Each structure stands twice: as structure tokens, then as C-alpha cells.
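For the sequence shown, position 4 matches number -15 in this note's numbering, and the numbering has no gaps at all.
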Amino acid sequence: MPLAIDILTLFPRMLEGFMAESILGKGIQAGLLAVRVHDLRSWTTDKHRTADDRPFGGGAGMVMKPEPVFAAVEQLQTSGCRRIYLTPDGVPLSPSLARELSEQSHLILLSGHYEGVDQRIRDRVIDQEISIGDYVLTNGTLAAAVLVDALARFIPGVLGEEKSLTHESFTSKLLDFPQYTRPAEFRGMSVPEVLLSGNHAEIEKWRQARALEKTRQVRPDLLN
Ligand code: ADE
């Protein structure tokens, strides 16, 4: 059975193009993973389809109400599924976390408002809280998309060539080396000679050196 992912959001249309396009879209088409996007408002019961309300204790903004989220999760959850809330105060997404999630059988992703969700949701129907970085998005829908994209790459067959995974940033602990394609000469800029040489050992040496240089400049913290 392919990994099944249920995404709960107030903005389902934000995900339509994303799920249909590119490598992720092909993976879904090929049945390597199944992604279902749900509008949280379909679990509201009032005429205005209210999914959020003002915070107790005062303060700006709106907080997502517990009832629709509990109802949605209780309907969708399966035994052994992982229920994840996307939030800037969660644990940071890393390659190892993305890989671990890609090996699960069922994920439920809850994307919230920037102001947050009622704490009782986090206490009772969420297993893990994940942040995609130290910045705040207007809502968690894009964060859920990023998480799906990052983990999909670890599902066998999603990336055409298996080797594109092993050769790249973060798997090797180094940033990427520069890439070139045709033409070999463009507006007076030429491709480094070694890449045209056909000498694979030399090419590999050059790539390692460039990756190390780039990492030193941009992310010296990765070298420790
Ligand atoms: N929602 C808003 N900002 C977010 C972030 N950085 N990571 C995950 N979810 C979020």
C-alpha cells in the first residue's frame, strides 16, 4: 500500500496546482503516494461554517475551533497513523525526519491559521508538531505542501533516478556543486574544462572541491 496523506486545511484550493504538477504530481499519478486534500469547513455544523473564533483572554486574531478538527481527525484517522500539526513552534523539519515520515503508512497533516489552533487540539488529536523553518507563514497550508514534497522524494520511484538522491545536498552533508548544461559556450561564459573532459575521477574530484568550497562559504555550520 502506498503512503496515504490526508491534508486538513481551510484553503484546499491552494494545493490543487501543487499536487497536479511536476515530480510530485507524477508520483501521485503513478500511485506511489496518495494525497487527499480536505476542506476543514466540511466538518463544521453551523450555517456560517465557522472554523475559527476569538481567543479567550483577549488578543489579536483568530484561533481555530476544536470541534471541526476533532471531527475531521476522528473520521480520517486509522490505527498507527501519524497526526501532524504544521506550526512555527514545532520541531524543525530535517532530511532524517522527512525520510522517517516517508516510511509511514498514513499521515494526517493539519495546517492552521498563523494565530494558531485551540490547545486542546494539540493535546488530544496531534502526535507531532513540525516547523518548516524559522519564519511565519500566513497559514500552514504551504508548510504542509513543503512537508509532502520533502518526504515524497524519499519514496522509491518518485525521483526518476535513485542516484539523484544520494548525490545531493544534505544527504552528503555538503551543499551542491555547480551544474552546467549545453551550450558549452554562452555569452562569453564557458563551462569548466574538466566537465567536458570525460575523465570521471577528475570530475568527481572537482565536484567535491566545489561542494566543500560552497559549504564553507554559505553553511560553515554543516562542516562541524
Ligand atoms: N505555519 C506558519 N508558519 C509555519 C512554519 N514556519 N512552519 C510550519 N507551519 C507554519
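We treat Cβ as the ideally placed atom computed from N, Cα and C, and that holds for glycine. Because the structure is a prediction, the values reported are computed rather than measured.
Which residues does DSSP list as the beta-bridge partners of Pro73?
Translated into positions along the sequence shown, residue 73 becomes position 92. Answer by DSSP bridge pairing, in chain order: Ser112.
Is there at least one non-hydrogen atom of the ligand ATP closer than 6 Å to the beta-carbon of Leu91?
Annotation note on the ligand ATP: not contained in the displayed structure, which lists the ligand ADE as its ligands.
Within the same chain, show all residues whose beta-carbon is closer than 8 Å to that of Arg191, passing over the 5 residues directly before and after it, in chain order.
Here residue 191 is taken as the residue at index 210 of the sequence shown, counted from 1. Once the five neighbours on either side are set aside, the close Cβ partners of Arg191 are Phe158 and Pro159.
What did DSSP end up calling Thr68 once you bin it into helix, strand or coil?
In the sequence shown, counting from the first residue as 1, residue 68 sits at position 87. If DSSP states are grouped into helix, strand and coil, Thr68 belongs with the strands.
With DSSP as the reference, label Phe229 as helix, strand or coil.
Given that the chain is displayed from residue -18 to residue 205, the structure contains no residue 229 and the question cannot be resolved.
Is Ser214 near the ligand ADE, in the sense that its beta carbon is under 6 Å from a heavy atom of that ligand?
Lying before the first or after the last residue shown, residue 214 is absent from the chain, which here runs from -18 to 205.
Would you mind working out which of Ser153, Phe151, Leu155 and Leu176 sits nearest Arg163, comparing C-alpha positions?
Taking the sequence shown and counting its residues from 1, the one referred to as residue 163 is at position 182. When each option's Cα is compared against that of Arg163, the closest is Leu176.
Kindly confirm or deny that the region 21 to 40 and the region 61 to 77 touch, where touching means at least three C-beta pairs closer than 8 Å.
When Cβ pairs closer than 8 Å are counted between the two stretches, the region 21 to 40 is seen not to touch the region 61 to 77, the count staying below three.
Can you tell which of Thr196, Phe151, Gln85 and Leu(-9) has its C-alpha closest to the C-alpha of Val129?
Position 148 of the sequence shown holds residue 129. Per the C-alpha coordinates, the member of Thr196, Phe151, Gln85 and Leu(-9) positioned closest to Val129 is Gln85.
Which residues mark the beginning and the end of the alpha helix (DSSP H) in which Arg17 is found?
Here the question's residue 17 lines up with position 36 in the sequence shown. Run containing Arg17: none in the alpha helix (DSSP H); it sits in the beta strand (DSSP E), Leu14 to Asp20.
For the ligand ADE, which residues count as neighbours when the test is a C-beta closer than 6 Å to any heavy atom?
Here the residues close to the ligand ADE, judged by CB distance below 6 Å to any of its heavy atoms, are Leu67, Thr68, Pro69, Tyr95, Ser112, Ile113, Gly114, Tyr116, Val117, Leu118, Gly121 and Ala124 in chain order.
Using DSSP bridges, identify the partner residues of Asn120.
If you number the sequence shown from 1, residue 120 lands on position 139. In DSSP, Asn120 forms a bridge with His94.
According to DSSP, is Arg212 part of a helix, a strand, or is it coil?
Here the chain comprises residues numbered -18 to 205, so residue 212 is not present and cannot be evaluated.
Using only the alpha-carbon positions, how far apart do Gly138 and Arg63 sit?
In the sequence shown, counting from the first residue as 1, residue 138 sits at position 157. In the sequence shown, counting from the first residue as 1, residue 63 sits at position 82. Distance between the alpha carbons of Gly138 and Arg63: 23 Å.
Taking three-plus beta-carbon pairs below 8 Å as touching, is the region 119 to 134 in contact with the region 75 to 84?
yes
Going by the CB atoms, is the gap between His87 and Ala(-15) shorter than 7 Å?
By 1-based counting over the sequence shown, the position of residue -15 is 4. By 1-based counting over the sequence shown, the position of residue 87 is 106. For Ala(-15) and His87, yes; Cβs fall inside 7 Å.
I need the DSSP call for Val207, collapsed to helix, strand or coil.
Residue 207 lies beyond the residue range present for the chain, which begins at -18 and ends at 205; the question has no answer from this structure.
Could you check if Asp104 is buried or exposed, using at least 16 other CB atoms within 10 Å of its CB as the buried criterion?
Within the sequence shown, numbered from 1, the residue matching residue 104 stands at position 123. With fewer than 16 Cβ atoms within 10 Å of its Cβ, Asp104 is classed as exposed.
Apply the 10 Å Cβ neighbour rule to Ser92 and answer buried if 16 or more other Cβ atoms are within range, or exposed otherwise.
Working through the sequence shown from its first residue, we reach residue 92 at position 111. So Ser92 ends up on the buried side.
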